[in-house]
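Engineer:
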Amino acid sequence: MHMILCRVGKANRRVDVAQTRGEPRDEKFLAINPMAKVPAELLEGGRLMSESGAILYYFSQHTSLTSP
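Every position in the sequence shown, counted from 1, becomes a number in the working numbering once 65 is added.
(1) In whole angstroms, what is the alpha-carbon distance linking E109 and R86?
(2) Look up E106 in the DSSP assignment and say whether it is helix, strand or coil.
(3) Can you look up M68 in the DSSP assignment and give me helix, strand or coil?
(4) For my contact list, I69 and L121 are in at a C-beta cut-off of 8 Å; report their separation, rounded to the angstrom.
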């Protein structure tokens with residue numbers, strides 16, 4: 066995801082989250098992503114996408130990702 070975000074010029078930052086079952090989830094992360102899915106991309110307007118394919122498709126349609 067980081068490569069794609071850099072390619073389209075979108076500011077981003079990586080946030081590591083625990084993936085082990087039973088580990089407590091960070092409250093700030095859960096506040097914006099209640100299902101705790103990763104990767105997750107918070108879009109303008111507050112919309113959250115959490116499936117890799119959906120995120121890639123979104124950027125292919127709404128950015129210059131597929132431009133030469």
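Cβ coordinates follow ideal geometry from the N, Cα and C atoms, glycine included. Values in this document were obtained by computation on a predicted structure and should not be read as measured data.
Structural biologist: This is what the structure holds:
(1) Distance from the CA of E109 to the CA of R86, rounded to the nearest whole angstrom, comes to 30 Å.
(2) Correct three-state label for E106: strand.
(3) DSSP places M68 in helix when its eight states are reduced to three.
(4) Confirmed, about 6 Å.
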